[in-house]
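Residue numbers (the numbering used here): 354 to 652.
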């Protein structure tokens, strides 16, 4: 039971990362159509290049968002992230529905946990019930290298995304989509913002911006196909200072609809994060070995 729960946790993390489109900066060089159409297409691209530069260079921000993945999970998250040298920060995560929330409740914390992000991995506080299984240790340390090794092709993608998921990645995805459009001016939490929208091909963008070999890429594309994932609609809102203030992603999966909404604020905020005490932590890979050993002894 415990082994299956941990595997579900690991699988959910990998699937969530696989569905996050991360694209390298690159607009379309398509010169077909009228000169007017070319100018119209170039205008939002030029604007978004400025947004990408300004947002990427801001180095840190406060983050608040919600994500749902069909029947798999729904969650809320709040915290602060710094991306000046890899990703670091602290996020409070609450699983509010789906099979992931049920799994989290089984191992403690009532569906709520704190995650601390570092350049080489992250740590999650799994609660008191989990600590009863680990000799009093509340935290699991996840190395990105270990997760990539355990998860195959999707793990390699996840490793890259978790190490490079900065606010400007949504801007880069739109730039790479080739069909970005300026929607207009809208209010975002009291701030006047410009709305841009586009559709991205998840597999295509991943192939362009990952270091997967042919076999890994084929396996990853099959995982996306099996999950019913093909494209995502990405929308971003930008304030008058060329800073991203809101991003949404929408897509369809076999288990239901994928929806993600994230708000960014307080750019340049100070972010402080400490690694959990070693005496209160267990490495994920080691924990899996312990659980598999316990299951073998029980049989």
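By construction, the Cβ of each residue, glycine as well, lies at the ideal position given by its N, Cα and C atoms.
Practice item. Out of 631, 598, 407 and 424, point me to the one whose CA is closest to residue 615's CA. Key: The shortest C-alpha separation from residue 615 is found at 598.
So who's on the other strand from residue 434, going by DSSP bridges? As computed with DSSP, residue 434 is found in a beta bridge with 414 and 442.
ask   = Are there 16 or more other CB atoms within 10 angstroms of the CB of residue 501, so buried, or fewer, so exposed?
value = Buried, by the Cβ-count rule.
Should residue 425 be labelled buried (16 or more other beta-carbon atoms within 10 Å of its own) or exposed?
When all chains shown are included, residue 425 counts as buried.
With a floor of 4 residues, list each alpha helix (DSSP H) that falls wholly inside the segment 459-483, ordered by position along the chain. Within the segment 459-483, no complete alpha helix (DSSP H) run reaches 4 residues.
Buried or exposed by the 16-neighbour rule on C-beta atoms within 10 Å, applied to residue 607: Exposed, by the Cβ-count rule.
Tell whether a beta-carbon distance below 9 angstroms holds between residue 590 and residue 539. Cβ atoms of residue 590 and residue 539: closer than 9 angstroms.
Problem set entry | Through-space distance from residue 526 to residue 374, alpha-carbon basis | Only weak support exists for where residue 374 lies, its pLDDT of 25 falling under 50; the value from the coordinates is given anyway. Taking C-alpha positions only, residue 374 is separated from residue 526 by approximately 7 angstroms.
- Query: Excluding five sequence neighbours on each side, which residues of the same chain lie with their C-beta closer than 6 angstroms to the C-beta of residue 592?
  - Reply: 544, 546 and 598.
(message) Between which residues of its own chain and residue 541 is the CB-CB distance below 6 angstroms, once the five residues before and five after are set aside?
(response) Within the same chain, 590, 598 and 599 come within 6 angstroms of residue 541 by CB-CB distance, once the 5 residues on both sides are set aside.
| field | beta strand (DSSP E) segment containing residue 523, residue limits | value | Following the DSSP letters along the chain, one finds residue 523 in no beta strand (DSSP E) but inside the alpha helix (DSSP H) bounded by residues 521-530.
Check: Counting along the chain, where does the beta strand (DSSP E) carrying residue 625 start and finish?
Finding: No beta strand (DSSP E) contains residue 625, which DSSP labels as neither H nor E.
> Any idea if residue 644 is buried or exposed, counting beta-carbon neighbours within 10 angstroms, 16 or more meaning buried?
Replying inline: Buried: at least 16 other Cβ atoms inside 10 Å.
*Smallest Cα separation from residue 431: which of 588, 617 and 479?*
For residue 431, the nearest C-alpha among the options comes from 617.
Any idea if residue 639 is buried or exposed, counting beta-carbon neighbours within 10 angstroms, 16 or more meaning buried?
Label assigned to residue 639: exposed.
query = Any idea which residues DSSP pairs residue 422 with across the strands?
reply = Per DSSP, the beta-bridge partners of residue 422 are 426 and 611.
Other residues of its chain near residue 633: CB distance less than 7 angstroms, five sequence neighbours each side excluded:
So the qualifying residues of the chain are 490, 491 and 492.
Residue 455 by DSSP, collapsed to three states: which one?
Residue 455: helix per DSSP, three-state reduction.
query = Just to confirm, are residue 596 and residue 415 a CB contact at a threshold of 9 angstroms?
reply = At a Cβ-Cβ threshold of 9 angstroms, residue 596 and residue 415 do not count as neighbours.
By the 10 Å Cβ neighbour count, where 16 or more other Cβ atoms means buried, how is residue 536 classified, buried or exposed?
When all chains shown are included, residue 536 counts as exposed.
Problem set entry | Own chain residues within Cβ distance below 7 angstroms of residue 404, not counting five before or after | So the qualifying residues of the chain are 524, 591, 595 and 597.
Three-state class that DSSP yields for residue 600 in the structure shown
Strand.
How many angstroms separate the CA atom of residue 552 from the CA atom of residue 479? When rounded, the distance between both Cα atoms is 36 angstroms.
*asked:* Along the chain, where does the beta strand (DSSP E) containing residue 634 start, and where does it finish?
replied: Here the beta strand (DSSP E) through residue 634 covers 634-636.
Going by Cα to Cα distance, which pick from 434, 443, 440 and 466 is closest to residue 428?
When each option's Cα is compared against that of residue 428, the closest is 466.
Within its chain, find whatever has a CB closer than 6 angstroms to the CB of residue 468; leave out the 5 residues flanking it on each side and keep chain order. Closer than 6 angstroms at the Cβ level, and outside the excluded window around residue 468, lie 444, 446, 475 and 477.
Less than 6 angstroms between C-beta atoms, sequence neighbours within five positions excluded: which residues of the same chain meet that for residue 642? Taken in chain order, the list of residues that qualify is empty.
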